[in-house]
Amino acid sequence: GAGVSQSPSNKVTEKGKDVELRCDPISGHTALYWYRQSLGQGLEFLIYFQGNSAPDKSGLPSDRFSAERTGGSVSTLTIQRTQQEDSAVYLCASSLFDYGATEAFFGQGTRLTVV
Amino acid sequence: QKEVEQNSGPLSVPEGAIASLNCTYSDRGSQSFFWYRQYSGKSPELIMFIYSNGDKEDGRFTAQLNKASQYVSLLIRDSQPSDSATYLCAVRDYGNNRLAFGKGNQVVVIP
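Sequence order for the protein chains is A and B. FYI, in this note's numbering the residues of the first sequence are 123 to 237. FYI, in this note's numbering the residues of the second sequence are 5 to 115.
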């Protein structure tokens, strides 16, 4: 596709349920990032994938959060046993791998609401 | 200290004036610096990047980098109502390539 695609665009779930958020990066982009943005806040780093390297998971807030990236392309962020504090917009971004000034392109995000 | 800090509150500027935004970062290993603009309810989009000390100009935007003092700034000249948005500073280092963002500064341009 032309840009980073995320699905669903909106998700309402009950507390305690598991959710899966999907990100389809720009074709050819080897770097993929997940961020979380709460209302009025900046972007909180969650996880970073680069090619076949081990992902940088240092931003995941708890062991309820996990992510995978299959075939170096599509990524899924899974939140188990969702809590109300998980409500936020989850943003995915991708970029060409470059130790420099490489732009990261963002998807439109998934707005998660835990009720 | 947070990795990337943007401490100023909302900034209101009259149309045609200069808006000035500042950002400081904690990691001296940081190499690339980005300014993103985010309209309400939208995703961030890149305005400028800079990686050398000094100024970089692109249209009405100028990014300034001072690695010794660990700050990067953004100037918006001839501010327009369409510039009203939140501006996010982002920093990347060569070590892990992770892109860290500040909290953002809201800019309101008053016609």
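Cβ coordinates follow ideal geometry from the N, Cα and C atoms, glycine included.
Going by CA-CA distance only, name the one from the options that's closest to residue i.
i, options, result
"residue 63 of chain A", "A/162, A/146, A/125", "With chain A represented from 123 up to 237, any question about residue 63 of chain A goes unanswered, as that position is not in the structure."
"residue 52 of chain B", "B/108, B/22, B/69, B/38", "B/38"
"residue 227 of chain A", "B/47, B/61, B/82, B/9", "B/47"
"residue 126 of chain A", "A/215, A/236, A/235", "A/215"
"residue 101 of chain B", "A/197, A/236, A/176", "A/176"
"residue 78 of chain B", "B/45, B/84, B/59, B/31", "B/59"
"residue 237 of chain A", "A/159, A/131, A/137", "A/137"
"residue 56 of chain B", "B/91, B/36, B/50", "B/36"
"residue 167 of chain A", "B/109, B/110, B/105", "B/105"
"residue 20 of chain B", "B/71, B/85, B/89, B/54", "B/85"
"residue 71 of chain B", "B/29, B/17, B/25, B/24", "B/29"
"residue 208 of chain A", "A/180, A/185, A/148", "A/185"
"residue 165 of chain A", "A/213, A/198, A/235", "A/213"
"residue 23 of chain B", "B/103, B/89, B/107", "B/89"
Any Cβ of chain B within less than 8 Å of the Cβ of residue i?
i, result
"residue 170 of chain A", "yes"
"residue 207 of chain A", "no"
"residue 234 of chain A", "no"
"residue 226 of chain A", "yes"
"residue 229 of chain A", "yes"
"residue 155 of chain A", "yes"
"residue 165 of chain A", "yes"
"residue 213 of chain A", "yes"
Would a check of beta-carbon distances place residue i closer than 8 Å to chain A?
i, result
"residue 102 of chain B", "yes"
"residue 47 of chain B", "yes"
"residue 106 of chain B", "yes"
"residue 92 of chain B", "yes"
"residue 50 of chain B", "yes"
Give the C-beta separation of residue i and residue j to the nearest angstrom, bearing in mind that I take them to be a contact with Cβ-Cβ under 8 Å.
i, j, result
"residue 189 of chain A", "residue 204 of chain A", "The Cβ separation is near 15 Å, so there is no contact."
"residue 113 of chain B", "residue 83 of chain B", "5 Å"
"residue 202 of chain A", "residue 140 of chain A", "5 Å"
"residue 160 of chain A", "residue 210 of chain A", "5 Å"
"residue 219 of chain A", "residue 152 of chain A", "4 Å"
"residue 40 of chain B", "residue 50 of chain B", "6 Å"
"residue 230 of chain A", "residue 149 of chain A", "That pair is no contact at about 17 Å."
"residue 96 of chain A", "residue 198 of chain A", "As shown, chain A starts at 123 and ends at 237. That puts residue 96 of chain A outside it, with no answer to give."
Chain B contacts from the segment 173-200 of chain A (Cβ-Cβ distance under 9 Å): 178, 180, 181
The segment 64-71 of chain B touching the segment 12-19 of chain B, judged by at least three CB pairs closer than 8 Å: no
Cβ pair count under 8 Å reaching 3, the segment 19-37 of chain B against the segment 85-96 of chain B: yes
Proximal residues, the segment 57-77 of chain B versus chain A, C-beta separation under 8 Å: none
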